[in-house]
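Asks:
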Amino acid sequence: MSGAALGLEIVFVFFLALFLLHRYGDFKKQHRLVIIATLLAWYLCFLIVFILPLDVSTTIYNRCKLAVNSSPAESNGSYVTLAPSKQKCFKPWSYIPDGIMPIFWRVVYWTSQFLTWILLPFMQSYARSGGFSITGKIKTALIENAIYYGTYLLIFGAFLIYVAVNPNFNLQWNQLQTIGIAAANTWGLFLLVLLLGYGLVEIPRSHWNGAKRGYLLMKTYFKAAKLMTEKADAEENLEDIMEAIRKVSESIKYNHPLRKCVDTILKKCPTEYQERMGRNMDDYEDFDERQNSYPSEKSLAKLHKQVIYSVQRHRRTQVQWQILLEQAFYLEDVAKNESSATRQFVHTFHSQEPENKIIQYFYTPTVEWYWECLLRPWFYRVLAVVLATFSVIVVWSECTFFSTKPVLSLFAVFIQLAEKTYNYIYIEMACFLTIFFLSICVYSTVFRIRVFNYYYLASHHQTDAYSLLFSGMLFCRLTPPLCLNFLGLTHMDATISHKNTQPTAYTSIMGSMRVLSFIADGFYIYYPMLVVILCIATYFSLGTRCLNLLGFQQFMGDSEMTSDLIDEGKELIRREKRKRQRQEEGENRRREWKERYGNRDDSTRSRAVHTDQKESSFSETSANRPLSKYTRSNGRTERDRIELLQDAEPLDFNADSVNDDPLESDSGR
Numbered sequence: 001m002s003g004a005a006l007g008l009e010i011v012f013v014f015f016l017a018l019f020l021l022h023r024y025g026d027f028k029k030q031h032r033l034v035i036i037a038t039l040l041a042w043y044l045c046f047l048i049v050f051i052l053p054l055d056v057s058t059t060i061y062n063r064c065k066l067a068v069n070s071s072p073a074e075s076n077g078s079y080v081t082l083a084p085s086k087q088k089c090f091k092p093w094s095y096i097p098d099g100i101m102p103i104f105w106r107v108v109y110w111t112s113q114f115l116t117w118i119l120l121p122f123m124q125s126y127a128r129s130g131g132f133s134i135t136g137k138i139k140t141a142l143i144e145n146a147i148y149y150g151t152y153l154l155i156f157g158a159f160l161i162y163v164a165v166n167p168n169f170n171l172q173w174n175q176l177q178t179i180g181i182a183a184a185n186t187w188g189l190f191l192l193v194l195l196l197g198y199g200l201v202e203i204p205r206s207h208w209n210g211a212k213r214g215y216l217l218m219k220t221y222f223k224a225a226k227l228m229t230e231k232a233d234a235e236e237n238l239e240d241i242m243e244a245i246r247k248v249s250e251s252i253k254y255n256h257p258l259r260k261c262v263d264t265i266l267k268k269c270p271t272e273y274q275e276r277m278g279r280n281m282d283d284y285e286d287f288d289e290r291q292n293s294y295p296s297e298k299s300l301a302k303l304h305k306q307v308i309y310s311v312q313r314h315r316r317t318q319v320q321w322q323i324l325l326e327q328a329f330y331l332e333d334v335a336k337n338e339s340s341a342t343r344q345f346v347h348t349f350h351s352q353e354p355e356n357k358i359i360q361y362f363y364t365p366t367v368e369w370y371w372e373c374l375l376r377p378w379f380y381r382v383l384a385v386v387l388a389t390f391s392v393i394v395v396w397s398e399c400t401f402f403s404t405k406p407v408l409s410l411f412a413v414f415i416q417l418a419e420k421t422y423n424y425i426y427i428e429m430a431c432f433l434t435i436f437f438l439s440i441c442v443y444s445t446v447f448r449i450r451v452f453n454y455y456y457l458a459s460h461h462q463t464d465a466y467s468l469l470f471s472g473m474l475f476c477r478l479t480p481p482l483c484l485n486f487l488g489l490t491h492m493d494a495t496i497s498h499k500n501t502q503p504t505a506y507t508s509i510m511g512s513m514r515v516l517s518f519i520a521d522g523f524y525i526y527y528p529m530l531v532v533i534l535c536i537a538t539y540f541s542l543g544t545r546c547l548n549l550l551g552f553q554q555f556m557g558d559s560e561m562t563s564d565l566i567d568e569g570k571e572l573i574r575r576e577k578r579k580r581q582r583q584e585e586g587e588n589r590r591r592e593w594k595e596r597y598g599n600r601d602d603s604t605r606s607r608a609v610h611t612d613q614k615e616s617s618f619s620e621t622s623a624n625r626p627l628s629k630y631t632r633s634n635g636r637t638e639r640d641r642i643e644l645l646q647d648a649e650p651l652d653f654n655a656d657s658v659n660d661d662p663l664e665s666d667s668g669r
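Residues in the sequence shown are numbered consecutively from 1, following full-length UniProt numbering.
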């Protein structure tokens with residue numbers, strides 16, 4: 001089993017990252033390099049989280065061997081162990097041989113740092129650029145990232161000057177490497193505490209509110225009102241951009257040098273707009289530079305960038321609106337079925353997607369009623385209590401993990417108790433649950449936050465390339481300080497525990513933070529205590545109240561604006577529900593007509609064809625009467641079809657259209 005656990009987790013994490021990326025990204029429409037870069041960033045970050053518990057258990061086993069059977073042998077710090085028969089330590093099932101983990105962590109860490117600081121910012125600017133050639137996009141990306149790269153070089157230079165001026169340090173390559181790691185981790189820890197303070201409170205609260213049906217339905221109405229405003233704004237913005245493109249397309253003719261740029265822009269437009277512009281354009285008219293003023297290539301690049309953004313935003317709002325409608329209809333069905341006497345869940349509308357037969361066999365309407373109306377609320381309440389307990393333990397440990405005598409961090413107490421009995425399964429499970437919960441609190445906040453319309457992770461393949469790459473950058477910057485914080489909470493970091501023990505392989509690649517003592521002894525220890533203040537602010541929704549005062553509508557139960565938006569959203573959902581009901585009624589009438597009149601129409605048509613063939617042998621005068629007979633019958637059937645195909649829409653009354661003559665009325669119909 002040596003190394004088998006590592007291989008299994010590497011494969012599992014890859015498919016997990018691929019599944020999440022498929023949910024948010026669009027493999028068919030987005031560039032392959034964007035997909036590969038984002039997948040690699042997500043994969044490396046998730047891999048660190050899943051592999052770190054194996055590193056902890058392997059380190060504890062190595063410490064046991066060192067304490068019992070080994071002694072320092074070489075100057076590089078390696079150890080010589082005795083024969084396995086003399087060892088008193090039990091080898092963990094997931095033991096990773098010596099020499100593998102340092103190389104593995106070094107490759108993973110530096111690859112993720114290269115992605116987050118160099119490659120992904122450049123690809124962001126490249127993907128958002130409106131250039132028409134690869135060279136133009138690269139030039140634009142380099143110009144946009146000049147300030148970005150210069151800022152970080154300035155910060156690194158400040159750290160470098162500090163170490164060079166300090167007489168207690170001899171500047172060496174290892175120390176330079178440590179300074180770079182410290183600078184990156186300091187930035188990541190600053191953002192980590194902000195996101196962690198929000199997630200520790202919001203995740204348990206969201207699950208507790210998930211048990212409140214009325215709360216979820218009111219919040220869905222509120223989202224519907226806001227999304228309708230955004231949807232209308234996106235449609236209006238797209239119309240304005242399409243009008244600008246139409247004018248440009250009409251002014252730049254087929255033989256103009258910039259016509260290729262215009263054609264590139266037109267390919268990014270929706271299909272209906274492309275057809276509309278194609279019908280109204282005369283490509284055979286020559287251009288005259290002396291009579292018309294033509295846009296420059298720079299202005300076309302700017303227009304190209306606006307087209308990409310507006311089309312993506314319009315498509316995203318359309319899909320989100322349909323998803324929100326389904327969610328609102330489902331919550332309304334749950335509210336109706338709670339008082340059902342038959343205890344069978346009844347849907348107002350049938351699912352548009354075909355259901356799995358296996359799920360449909362086991363998840364019957366009765367099972368669905370018991371789960372949705374009885375079991376699910378209690379399950380969410382119990383889960384919320386468990387998550388809230390974890391949050392309290394994390395907050396307590398973040399405030400006390402620097403205390404080693406006595407050990408106050410609860411995570412450190414759990415790991416040390418298991419270390420005495422060498423229960424590696426318990427150690428790995430405790431480490432995995434701890435770091436997994438911390439990751440959920442941080443990563444879920446990354447998926448929830450929205451920076452206006454520049455960064456927004458939307459599910460159902462509606463996330464643009466810029467947001468995907470930005471999320472990869474955040475993950476790569478947050479994961480290393482998150483793991484260091486976890487090792488500090490469990491006292492597996494020698495900087496925190498102040499013990500001369502063998503460090504984990506992950507800590508060893510970070511170098512000694514003693515090069516920058518004010519960071520190792522000050523910022524890394526006391527800054528995480530701010531999570532208490534952030535948790536209190538999140539609990540009382542201070543951020544939500546501030547955004548609401550600034551004009552950004554947020555869901556607040558005691559706000560008049562929230563009540564107005566809830567009423568507006570409820571009316572919008574009711575209108576869409578009536579619209580869908582009329583559509584289903586029309587489909588039912590069509591289906592009823594096919595069942596009732598389909599065979600009769602076919603028999604009538606066959607009799608007419610048979611009479612036609614029989615009467616063709618007679619004279620023309622004798623053939624007209626039977627034909628008129630069958631034509632009249634067939635026409636009556638056609639009138640029945642027309643009447644049945646009509647929707648039950650209210651008709652406006654107009655006295656001028658009424659005719660007293662029934663013959664004229666019949667002929668007109």
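From the three backbone atoms N, C-alpha and C, an ideal C-beta is built for every residue, glycine too.
Would the segment 412-420 count as touching the segment 490-506 if we require 3 or more Cβ pairs under 8 Å?
Replies: Output reads yes: the segment 490-506 touches the segment 412-420.
Asks: Going by DSSP, name the residue or residues bridged to R450.
Replies: R450 pairs with Y456.
Asks: Tell me whether K253 is buried or exposed, calling it buried when 16 or more other Cβ atoms sit within 10 Å of its Cβ.
Replies: By the 10 Å Cβ count, K253 comes out buried.
Asks: If you draw a straight line from the alpha carbon of S310 to that of N237, how long is it in whole angstroms?
Replies: In a straight line, the C-alpha of S310 is about 7 Å away from that of N237.
Asks: State yes or no: is the C-beta of L534 within less than 8 Å of the C-beta of L194?
Replies: Their beta carbons are under 8 Å apart, which means L534 touches L194 by this criterion.
Asks: Suppose the cutoff is 6 Å on Cβ atoms and the five residues either side in sequence are ignored; what does the same chain contact list for D26 look like?
Replies: These residues qualify, in order along the chain: H461.
Asks: Which residue's Cα is closest to the Cα of A244: V262, G180 and M228?
Replies: The residue with the shortest Cα to Cα distance from A244 is V262.
Asks: Beta carbon of P121, beta carbon of A388: below 8 Å?
Replies: No. Outside cutoff.
Asks: If contacts are defined as beta-carbon pairs under 8 Å, then M510 and C399 qualify, I think. What distance do you get, rounded to the angstrom?
Replies: 23 Å between Cβ atoms; not a contact.
Asks: So is C483 buried or exposed if we call it buried at 16+ other beta carbons inside 10 Å?
Replies: The residue is buried, with at least 16 neighbouring Cβ atoms inside 10 Å.
Asks: Once the 5 residues before and after Q554 are set aside, which same chain residues still bring their CB inside 7 Å of it?
Replies: T544, L547 and N548, listed in sequence order.
Asks: Looking only at its chain, what residues have a beta carbon closer than 6 Å to the beta carbon of L6, apart from the 5 residues adjacent to it on each side?
Replies: Excluding residues within five positions, the ones whose Cβ falls inside 6 Å are I96.
Asks: Mapping DSSP to helix, strand and coil, what is D345?
Replies: This sequence places Phe at residue 345; Asp is not what is there. Coil, per DSSP.
Asks: Y43: which of F15, V68, N62 and Q30 sits nearest, CA to CA?
Replies: Per the Cα distances, F15.
Asks: Given a cut-off of 8 Å, decide if F132 and T264 are closer than it, judged by their beta-carbon atoms.
Replies: Yes, Cβ-Cβ distance for T264 and F132 is below 8 Å.
Asks: Note the first and the last residue of the continuous alpha helix (DSSP H) segment covering N62.
Replies: Where N62 is concerned, the enclosing alpha helix (DSSP H) stretches over R32 to V68.
Asks: Could you give the first and the last residue of the continuous alpha helix (DSSP H) run that contains C261?
Replies: Its alpha helix (DSSP H) spans residues R259 to K267.
Asks: Determine the extent of the alpha helix (DSSP H) in which P480 is found, giving its start and end residues.
Replies: Element bounds for P480: A465 to L489.
Asks: Output the distance between the C-alpha atoms of K223 and I573, rounded to the nearest integer angstrom.
Replies: Spanning the two alpha carbons is a distance of roughly 11 Å.
Asks: What separation, rounded to the nearest whole angstrom, lies between the Cα atoms of R589 and A301?
Replies: If I take the Cα positions, the gap works out to 51 Å.
Asks: Identify the continuous alpha helix (DSSP H) that holds H304 and give its terminal residues.
Replies: Looking at the DSSP string, the run of the alpha helix (DSSP H) that includes H304 is E297 to N337.
Asks: What are the start and end residues of the alpha helix (DSSP H) that includes E372?
Replies: Unbroken run through E372: none, as it is neither H nor E.
Asks: Give me, in chain order, the residues of the same chain whose beta-carbon lies closer than 6 Å to that of N62; leave out the 5 immediate sequence neighbours on both sides.
Replies: Contacts found: Q502.
Asks: Excluding sequence positions up to five away, which residues of its chain have a Cβ less than 7 Å from the Cβ of H314?
Replies: Cβ within range, chain order: A234, E235 and L238.
Asks: Give the straight-line distance between the Cα atoms of T434 and T178, rounded to the nearest whole angstrom.
Replies: Each residue's alpha carbon lies about 27 Å from the other.
Asks: I need the DSSP call for M556, collapsed to helix, strand or coil.
Replies: Note: M556 maps to coil in three-state DSSP.
Asks: Just to confirm, is the Cβ distance from M123 to A17 under 8 Å?
Replies: The answer is no: Cβ separation not under 8 Å.
Asks: Contact check, A335 vs L217 under 8 Å by CB: the rounded distance?
Replies: Correct: roughly 6 Å between the Cβ atoms.
Asks: Can you name, in chain order, every residue of its own chain whose Cβ lies under 7 Å from the Cβ of G197, other than the five neighbours on each side?
Replies: Excluding residues within five positions, the ones whose Cβ falls inside 7 Å are V531, L534, C535 and T538.
Asks: I need the boundaries of the alpha helix (DSSP H) containing A5, first residue and last residue.
Replies: From DSSP, the alpha helix (DSSP H) with A5 extends over A4 to Y24.
Asks: Which residues mark the beginning and the end of the alpha helix (DSSP H) in which C546 is found?
Replies: Element bounds for C546: L542 to L549.
Asks: Taking a contact to mean a Cβ-Cβ separation below 8 Å, would you say Y466 touches A182 in this structure?
Replies: No. Outside cutoff.
Asks: Assuming N237 is part of the alpha helix (DSSP H), what are its boundary residues?
Replies: R213 to S251 is the extent of the alpha helix (DSSP H) around N237.
Asks: What number of angstroms, rounded off, separates the C-alpha of residue 674 from the C-alpha of T59?
Replies: Because residue 674 is not part of the residues shown, which for the chain are 1 to 669, the question remains open.
Asks: Report the residue from R259, I241, L258 and E297 whose alpha carbon sits nearest the alpha carbon of Y273.
Replies: Considering only alpha carbons, the answer is I241.
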